[in-house]
Each structure stands twice: as C-alpha cells, then as structure tokens.
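In the numbering used here, the protein residues as written are 31 to 97. Beta carbons: idealized from backbone N, C-alpha and C, even for Gly. Okay, structure first, notes after.
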C-alpha cells in the first residue's frame, strides 16, 4: 500500500478519489485474530474503493506498486 502513488491510504470511502485500507488494522482492528478469520478477513487483505480516476491510471498504479 505504501508504494501506491495515485490511490490514497484512507480509512473512509466517502470520496470521489480512489483509496485503500487494510481492514484488519483499521476498520476491524478491535476484532481478535479468530474473529477476523471467522469473518473472512485475512491479515493481508487490502480493500480498494475505486473513485473517478481513469481506470488505466488505477491499474497502472496497482501494477507499479506490486512490482
């Protein structure tokens, strides 16, 4: 997530810009590891909310971050 340039790391999704977060350490941080597992939220899950940016730009941003 730290290598993303266009997609912001945010804990909210009420925006027209794309953002991402790790639910296990943000929105669901109060849950135990067992509760997270039961809810289907693995520690490495990244939630992406796509905004109004060009889809090719978003794909390129994710691709460069994964490299």
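Cβ neighbour criterion (16 or more within 10 Å) applied to residue i
| i | result |
| --- | --- |
| residue 80 | exposed |
| residue 51 | buried |
| residue 96 | exposed |
Other residues of its chain near residue i: CB distance less than 7 Å, five sequence neighbours each side excluded
| i | result |
| --- | --- |
| residue 54 | 66, 71, 73, 75 |
| residue 36 | 48, 83, 87, 88, 91 |
Where residue i falls: helix, strand or coil (DSSP)
| i | result |
| --- | --- |
| residue 37 | coil |
| residue 48 | coil |
| residue 85 | helix |
| residue 71 | coil |
| residue 55 | helix |
| residue 94 | helix |
Opposing strand residues paired with residue i [DSSP bridges]
| i | result |
| --- | --- |
| residue 79 | 49 |
Own chain residues within Cβ distance below 6 Å of residue i, not counting five before or after
| i | result |
| --- | --- |
| residue 94 | none |
Own chain partners of residue i with C-beta closer than 8 Å, once the 5 adjacent residues on each side are dropped
| i | result |
| --- | --- |
| residue 34 | 50, 91, 92, 95 |
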